[in-house]
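Okay, so here's the structure we're looking at.
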Amino acid sequence: MSDLFDGSDPIVNRAIAIMGGPDAFRNALDADNAAMKSQWNQDITSIGRILRAHLFVEHYLTEHLQVVNPRLGDLDEARLAFAQKVHLLEGDAPPAISYLVPGIKRLNAVRNRLAHNLAATVTDEDAAVFLSCLSRFRFISVENLNGKNLSEDPLDVLDRFAEFAASSLHNSSSAFGRAYLQAIEEGYPHVLHHGPPKPQRPAT
Numbered sequence: 001m002s003d004l005f006d007g008s009d010p011i012v013n014r015a016i017a018i019m020g021g022p023d024a025f026r027n028a029l030d031a032d033n034a035a036m037k038s039q040w041n042q043d044i045t046s047i048g049r050i051l052r053a054h055l056f057v058e059h060y061l062t063e064h065l066q067v068v069n070p071r072l073g074d075l076d077e078a079r080l081a082f083a084q085k086v087h088l089l090e091g092d093a094p095p096a097i098s099y100l101v102p103g104i105k106r107l108n109a110v111r112n113r114l115a116h117n118l119a120a121t122v123t124d125e126d127a128a129v130f131l132s133c134l135s136r137f138r139f140i141s142v143e144n145l146n147g148k149n150l151s152e153d154p155l156d157v158l159d160r161f162a163e164f165a166a167s168s169l170h171n172s173s174s175a176f177g178r179a180y181l182q183a184i185e186e187g188y189p190h191v192l193h194h195g196p197p198k199p200q201r202p203a204t
């Protein structure tokens with residue numbers, strides 16, 4: 001940075017004068033660099049997991065919408081936003097899919113927070129929404145999910161919800177999935193809980 005102050009660049013010289021001298025210019029430059037470095041040095045693992053979950057669910061959300069309504073055409077070409085796809089999903093979703101909508105919306109909200117704050121995290125309130133959706137299935141509990149103890153860490157809960165939501169959305173494209181959805185729609189009570197889902201996070 002010393003070259004900035006050797007007096008050879010008239011633009012830099014003028015900027016220094018506008019700032020009130022070399023010390024003020026240097027202090028402002030150092031402060032900006034430090035602020036940008038802080039934004040760069042974020043928890044890239046957490047950011048990556050949030051983005052992966054969002055992209056994963058969007059992939060299977062798009063697949064589901066095109067399978068159940070071929071008249072929509074190529075959604076990628078239409079460049080629909082994630083929220084627009086969720087709106088289409090809400091329009092005519094079967095019970096086995098509609099219960100996922102609050103969690104999918106919350107996942108999108110978590111992703112959007114990154115655009116405004118790179119240090120955004122998954123909160124306990126976010127996790128409660130995801131668990132509320134997952135708890136609609138009798139074979140999934142807060143204590144046990146897919147045979148494994150469910151971590152209470154909100155980011156882990158987001159991962160589990162994203163995997164489960166994507167799998168549920170993919171059911172519309174598989175023979176097993178279609179049969180399973182039909183069984184649910186025909187009224188078998190052993191799969192979905194009745195009544196609105198309620199947050200069921202363990203007490204801490």
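Letter by letter, the sequence shown follows residues 1 to 204 in UniProt numbering. Note that the Cβ used here is the ideal one computed from N, Cα and C, for glycine as well. Values in this document were obtained by computation on a predicted structure and should not be read as measured data.
- For a cut-off of 8 Å, the C-beta gap from Ile50 to Leu158 is around 7 Å, short enough to register as a contact.
- Taken through DSSP and simplified to helix, strand or coil, Glu63 comes out as helix.
- With respect to the 8 Å criterion, Val67 and Pro102 are not classified as neighbours on the basis of their beta carbons.
- When the alpha-carbon of Lys105 is set against those of Pro94, Phe82, Leu155 and Glu125, the nearest one is in Phe82.
- In this structure, Arg178 places its C-beta atom within 8 Å of the C-beta atom of Asn171.
- Just measuring C-alpha positions, the residue of Asp74, Glu152, Ala96 and Asn108 sitting nearest His87 is Asn108.
- With 16 or more neighbouring CB atoms inside 10 Å of its own CB, Ser132 falls in the buried class.
- With respect to Val57, Ala166 sits close: the two C-beta atoms are nearer than 8 Å.
- Nearest Cα to Leu114 within the set Ser46, Ala183 and Asp32: Ser46.
- With respect to the 8 Å criterion, Ala175 and Ala53 are not classified as neighbours on the basis of their beta carbons.
- The beta carbon of Leu65 lies closer than 8 Å to those of Leu72, Leu75, Lys85, Leu88 and Leu89 in the same chain, with the five residues before and after it left out.
- Assignment of Tyr99 by DSSP, reduced to helix, strand and coil, places it in the coil class.
- Its chain contains Phe25 and Ala28 as the residues whose beta carbon lies nearer than 8 Å to that of Met19, once the 5 sequence neighbours on both sides are disregarded; these appear in chain order.
- The straight-line gap separating the alpha-carbon atoms of Arg111 and Pro94 is approximately 26 Å.
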